[in-house]
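K.L.:
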Amino acid sequence: MTTPTGGAPAAGGGGTAPAAGGGTGGQGGAAGHAGPPGPAQPTGAGQPPSADGSPGAQGGGENGAPGEPPRSGPGTESFEATGAMGQGSLRHDRLRNAFANVEGDVVGGDKYVLLLDGGRRRLRTLSPFLAEPVRFAYQEHPGLPAAREALAGRHLLILRGAPGHGKTAMAVRLLQGMGATTTYHLDSDVDFGSLADLLERGGDSIERGAAFLLDQPSGIDGLRGAEYEKVRGALALAGAWLVITVSSTELTDSELLTAVVDVTEAPGPRDIVSSHLRWRVGDAVRDRLLADGGITTLLGELLDGLACQRAADLASAIAEEWETGELDPEAVKRRFARQADEDFDIWMESLREPSVRSLAIALAVLNGLPQEYIATAARALRERLEDDRPHVLMAGPGNELPRVKDPFGAPRRRQLTRLRAHAIGKEDGEPGQALEYKDPAYPPRVIRHAWIQYEVQSELLDWLSALVVHPAEEVRVYAAAALGVIASESYTYLCDRVFHPWARSESPLRRDAVAYALRVASRDPWIAERADMLVEGWFADRSEPYAQATAARAYGMREDPGPAVAALARLTVVDRVAVAVAVGHSLTDLLERNTDSTGLVLRTLHERSADHRMRPTALLSFLIVATEVVVGKDEPGSGTRPRTGRSSSIWQTGRRSCVGRSSPCGASRSITRTSAGTRNRCCAIGPRSPNSTRRCVPCSS
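The structure is reproduced here in C-alpha cells:
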C-alpha cells in the first residue's frame, strides 16, 4: 500500500481563518483546488540557527529571544535577499533553462505552440542526430532541385510519398538549403492556427528566418485552404519556411495540391550505406569495408527493399562494429537488429568505466553549463560511487605499480565523442567553454536510466544534495530540476527522503530546491494533484514557519499568477523573516514569468502594507521585488518614468518602506537599511544573463 504523502495539515494548522485585511480577493492555493487554510502566526521562540550558518526562524520580540541571530544586517537572510540587484531576473532565466534541460528542450526563451487538444507545448529544435547525418551524408533524391525551387517561392511545402522513401531526410535537407537561423521540429499534433499566430506576433516570439519541420501531422485532414493560406502568409512575412511530410493518401482538400511535391523515387539503399560510411569512417576505410566479402554478402542479404532510414542504420552498425577492432558480419547483423529499439540502452551500457559514466550523469544534470562545473561534479560523483575498501596492488612489468586513478587517461575530446556531446561557447561571450549533449532529449533519459537501472539511489541523492547548496545558482537550479526528474519516477520515496526534511530545513537553498523539483515533477497529473496537497499542508502548518516558507516558494512556481498571489498575500500575516523573503522571491518569479501581473502584485503588497500586522512582511517582500526585478530597455515600463499604475503603487509602498516604523519582529531595521539602496540603482548583470544591459525597476518616481 502506498503511504499518502502531503495530505492533511499538521495539527493546529487546519481550520485557521484567513488573515484579516486581505485585499487581493479570492482564495489562494494550488490551481485546481480550493484555497488552503489561511496561515496563523506561529507562537513560541524562533528556531536556532543551523550548524552550517543558515539563519534560523525569526521569533520573539524586537530584540529577539536570547541567543537568537540578528534579524537584519550583513549575513542575515533579509540582508542577502535585498542586496542582490537583478538576481530575480537572472534566477528566472536559469530556472527556465534548467526546466527546459530536463524536459528535453534547449530552446532559449518561452516559445510555445498550441496542440489540437488545447494543450501547450514548448518549441524544440531539430535534433543534431537527425540534422548532422543529413548535412554530411545525405544521398540526394531525384526530385530535390524542383522541390527546393518550390519551397523558396511558397515558404510552405508538403512532401507526399510512401513510407520508407526518405521524406524526412529530404525535408531536413530542403530546410538546410534555405539558410535558416534555427530549425524547429514541431509536434505531430500541432494546431496550424496557433503556428500562424506565433509567426504573426514576431518580436521575441520567434526569430526571423526560422525553419519548421512537421513530420506526419495527426491533424492534416483538418488543414483547409483558408488555414493553409494564413500559415503561408505568416511564413512569408516572417521570412520562415515550413516543410510537412505526409503519406500518399492523407490530403483531403484539393486547395492544398499546389503545395504538394510527390516523392515517388528514393535513393538506392546501397548508395545510402556508402555515403554514411564515408561520413563515419572516411573514404579509405569505407572502400575497404565495402570490398570485404562478408560485408558484401551481408548487404546483399539485408538491402533488398530496405527503407532509407534502415539503410543508414545499417551503415551505422557496420561502422560501430568496425570501431570495436573486429568485423564480424554476424555481430553486425545482431547490432543492426537491436539498433532501432535499443540504441540508447546500448550506448549507456557501453560506458563501462566509472569515470565516464559519472561524467555522463553529471553532464545530464548540468547540461549546457561551463565545463569546470561539470568536471567538478563528475569527480564528486565518481568518488561517491568508488569502492573505498583496501585493495591489494600487484606490481606490473618493471616493478611499476598500476595507477588506479589516472585523471589524464582520456582527453576531453575523446570523452565527448563517446558521450555524444560537444563543447560550445559560454553565454554572453564569456571566455571558456560549456558542454552539452548533442541531442536535447538525452539529459532526462540519462538521469532516469541512472536512477532506475542501477543500485545507486542513495549515492545520487547525496550527490544532488550537495549540488543544491553549491555556490553557483545555476548549478543549484539544474540540480533541483534533476531531482524533479527523479521524483517523476519515485515521488513517494523522494517525499520521505528529501521533500519533507528539506521543506523544514533552515537552509533557504534546500527549500528552494524542493519548490523547483516539485515544479518539474508536477508535469505528471498524478503527481501534480498530490504535490498540491503537500504544499497546502505546509502552507497551513503554523508550527513550522520554514515549511510555510517552502510553500511560498512552491506558489512562486505556479503558472497562474492569480491564485498564487492570493496565497502569498495570505502568508504576509506570518511574522517570520524566512517567510517574508520566500514571499518576495516568489512574487519576483511570478512577475518574471507573467509581466501582466505587475499591477496585481504591487496592488497586493500596497494593500497588505496598510495593515500593521502584515506591514513588516509586505514591505520586506516589496523591497526584494524592487531589488530583484529588472526590465530591458525596450520593455514596457522601462522608460525614465514608470507607467502610471505601477508608479503610484511603487511610490506609496516604497514610501512606507522608507519610514522604518517599529514592528514586533524588528524587520523595519532591515527595511530602512536596504530601501535607500534599492531606489534607482542599476543592476550589474553577471555572466550568462540573456541581456547585457538592464535596469532595476525604480522604487519611486
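Quick note, in this note's numbering, the sequence shown goes up one by one and the last residue is 913. Ideal Cβ placement from N, Cα and C applies to all residues, glycine included. Bear in mind the structure is a predicted one, so any value in this text is a computation, not a measurement.
With 16 as the cutoff for other CB atoms within 10 Å, does E667 come out buried or exposed?
P.N.:
On the sequence shown, residue 667 is found 455 positions in, with the first residue counted as 1. When all chains shown are included, E667 counts as exposed.
K.L.:
Kindly indicate which three-state DSSP category H397 falls into: helix, strand or coil?
P.N.:
Working through the sequence shown from its first residue, we reach residue 397 at position 185. H397 falls in the strand class under three-state DSSP.
K.L.:
Leaving out five residues on either side along the sequence, give the residues of the same chain with a beta carbon under 8 Å from the beta carbon of I507.
P.N.:
Position 295 of the sequence shown, counted from the first residue, corresponds to residue 507. So the qualifying residues of the chain are L501, I530, L539, P541, V544.
K.L.:
For V458, name the three-state secondary structure that DSSP assigns.
P.N.:
Counting from 1 along the sequence shown, the entry for residue 458 is found at position 246. Correct three-state label for V458: strand.
K.L.:
Between the stretch 625–645 and the stretch 578–587, do at least 3 Cβ pairs fall closer than 8 Å?
P.N.:
Yes: at least three Cβ pairs fall under 8 Å.
K.L.:
Name the DSSP bridge partner or partners of E648?
P.N.:
Sequence index remark: in the sequence shown, residue 648 carries index 436 (1-based). According to DSSP, E648 bridges with H634.
K.L.:
Rounding to the nearest angstrom, what Cα-Cα distance links Y767 and A715 in this structure?
P.N.:
Here residue 767 refers to the residue found at position 555 when the sequence shown is read from its first residue. Here residue 715 refers to the residue found at position 503 when the sequence shown is read from its first residue. Each residue's alpha carbon lies about 13 Å from the other.
K.L.:
Do you know how far the Cα of A653 is from the Cα of L363?
P.N.:
For this step, residue 363 is matched to residue 151 along the sequence shown. For this step, residue 653 is matched to residue 441 along the sequence shown. Their Cα atoms are separated by approximately 29 Å.
K.L.:
What residue does the alpha helix (DSSP H) around V689 start on, and which one ends it?
P.N.:
For the purposes of this step, residue 689 is taken as the residue at position 477 of the sequence shown. 685–699 is the extent of the alpha helix (DSSP H) around V689.
K.L.:
Classify F348 as buried or exposed, calling it buried when 16 or more other Cβ atoms lie within 10 Å of its own Cβ.
P.N.:
Position 136 of the sequence shown, counted from the start, is the residue given in the question as residue 348. F348 is exposed by the Cβ-count criterion.
K.L.:
Kindly list the residues whose CB is nearer than 7 Å to the CB of F341, restricted to its own chain and excluding five residues on each side of it in sequence; keep chain order.
P.N.:
Here residue 341 corresponds to residue number 129 of the sequence shown, with the count starting at 1. Contacts found: K650, D651.
K.L.:
My understanding is that A692 touches A729, with C-beta atoms under 8 Å, so please give their C-beta distance in whole angstroms.
P.N.:
The sequence position of residue 692 within the sequence shown is 480, counting from 1. The sequence position of residue 729 within the sequence shown is 517, counting from 1. The pair is a contact, with the Cβ atoms about 5 Å apart (cut-off 8 Å).
K.L.:
If you draw a straight line from the alpha carbon of G792 to that of P737, how long is it in whole angstroms?
P.N.:
Translated into positions along the sequence shown, residue 792 becomes position 580. Translated into positions along the sequence shown, residue 737 becomes position 525. It should be pointed out that residue 792 corresponds to Ala in this sequence rather than to Gly. Spanning the two alpha carbons is a distance of roughly 30 Å.
K.L.:
Of all the CB atoms in chain D, is at least one closer than 8 Å to the CB of L511?
P.N.:
Of the protein chains in this structure there is only one, and it is not chain D.
K.L.:
Can you tell which of R490, L369, A446, E352 has its C-alpha closest to the C-alpha of S406?
P.N.:
Counting from one through the sequence shown, the residue named residue 406 turns up at place 194. Per the Cα distances, A446.
K.L.:
Which complete alpha helix (DSSP H) runs does the stretch 717–770 hold, if anything under 4 residues is left out?
P.N.:
List check, alpha helix (DSSP H) in window: 720–733, 737–752, 757–767.
K.L.:
At the level of alpha carbons, what is the spacing between I836 and E439?
P.N.:
For the purposes of this step, residue 836 is taken as residue 624 along the sequence shown, with counting starting at 1. For the purposes of this step, residue 439 is taken as residue 227 along the sequence shown, with counting starting at 1. Approximately 47 Å, taken between the alpha carbons.
K.L.:
What does the alpha-carbon distance come out to for the pair D787 and E756?
P.N.:
Counted from its first residue, the sequence shown places residue 787 at position 575. Counted from its first residue, the sequence shown places residue 756 at position 544. Using only the alpha carbons, I get a separation of about 12 Å.
K.L.:
Cutting at 8 Å between CB atoms, please list the residues of its own chain near R735, excluding the five before and the five after it.
P.N.:
As a working mapping, residue 735 is identified with position 523 in the sequence shown. Cβ neighbours of R735 beyond the five flanking positions: E315, S700.
K.L.:
Below 8 Å between beta carbons: does that hold for H353 and E441?
P.N.:
By one-based count along the sequence shown, residue 353 stands at place 141. By one-based count along the sequence shown, residue 441 stands at place 229. Against a cut-off of 8 Å, the Cβ pair of E441 and H353 comes out as no contact.
K.L.:
Leaving out five residues before and five after R492 in sequence, what residues of the same chain have Cβ atoms less than 6 Å from its Cβ?
P.N.:
Sequence index remark: in the sequence shown, residue 492 carries index 280 (1-based). Around R492: A531.
K.L.:
Determine whether the beta carbon atoms of E163 and R306 lie at a separation below 8 Å.
P.N.:
Because the chain is modelled from 213 through 913, residue 163 falls outside the range shown and cannot be assessed.
K.L.:
Have a look at G517, V455, A452 and flag the residue whose alpha-carbon is nearest the alpha-carbon of G480.
P.N.:
Counting from 1 along the sequence shown, the entry for residue 480 is found at position 268. Ranking the options by Cα distance to G480, first place goes to G517.
K.L.:
For F424, list the residues DSSP reports as bridge partners.
P.N.:
Taking the first residue of the sequence shown as position 1, residue 424 is located at position 212. F424 is bridged to Y396, L454.
K.L.:
Look at the alpha carbon of I370 and the alpha carbon of L387, and state the distance between them as a whole number of angstroms.
P.N.:
In the sequence shown, the residue the question calls residue 370 occupies position 158. In the sequence shown, the residue the question calls residue 387 occupies position 175. If I take the Cα positions, the gap works out to 12 Å.
K.L.:
Tell me the DSSP secondary structure of D787 in three-state form.
P.N.:
The residue labelled residue 787 in the question sits at position 575 within the sequence shown. Coil, per DSSP.
K.L.:
Under the rule that 16 or more other beta-carbon atoms within 10 Å means buried, what is H661, buried or exposed?
P.N.:
The residue given as residue 661 occupies position 449 in the sequence shown. Buried is the call here.
K.L.:
Out of curiosity, what's the CA-to-CA distance linking G857 and A764?
P.N.:
Numbered from its first residue, the sequence shown carries residue 857 at position 645. Numbered from its first residue, the sequence shown carries residue 764 at position 552. For G857, the predicted structure reports a pLDDT of 38, less than 50, and the residue's modelled location is therefore unreliable. A value from the coordinates is still provided. Cα-Cα distance, rounded: 26 Å.
K.L.:
With DSSP run on the structure shown, which of helix, strand or coil describes D708?
P.N.:
As a working note, residue 708 is residue 496 in the sequence shown. In this structure, D708 counts as helix in the three-state DSSP scheme.
K.L.:
Comparing C-alpha positions only, which one of T380, R444, P429 sits nearest to L410?
P.N.:
Here residue 410 corresponds to residue number 198 of the sequence shown, with the count starting at 1. Nearest option by C-alpha distance: R444.
K.L.:
Quick check: the Cα distance between Q270 and M769, rounded to an integer number of angstroms?
P.N.:
Here residue 270 is taken as the residue at index 58 of the sequence shown, counted from 1. Here residue 769 is taken as the residue at index 557 of the sequence shown, counted from 1. Because the pLDDT at Q270 is just 41, under 50, the model does not fix this residue reliably, and the value given afterwards should be weighed accordingly. Rounded to the nearest angstrom, the two C-alpha atoms are 25 Å apart.
K.L.:
What is the rounded straight-line gap between the Cα of R723 and the Cα of T470?
P.N.:
If you number the sequence shown from 1, residue 723 lands on position 511. If you number the sequence shown from 1, residue 470 lands on position 258. Distance between the alpha carbons of R723 and T470 is about 57 Å.
K.L.:
For a test of the three-state rule: what should DSSP assign to P582, helix, strand or coil?
P.N.:
Locating residue 582 in the sequence shown gives position 370, counting from the first residue. Note: P582 maps to strand in three-state DSSP.
K.L.:
Out of Y350, L449, E648, L335, state which residue places its alpha-carbon closest to the alpha-carbon of L426.
P.N.:
The residue you call residue 426 lines up with position 214 of the sequence shown. Among Y350, L449, E648, L335, the Cα nearest to that of L426 is on L335.
K.L.:
Around the C-beta of E840, are 16 or more other C-beta atoms found within 10 angstroms, so that it is buried, or is it exposed?
P.N.:
For the purposes of this step, residue 840 is taken as the residue at position 628 of the sequence shown. E840 comes out buried.
K.L.:
Could you give the residue range of the alpha helix (DSSP H) that holds V402?
P.N.:
As a first step, residue 402 is located in the sequence shown; it is residue number 190 there, counting from the start. From DSSP, V402 is part of no alpha helix (DSSP H); its letter is neither H nor E.
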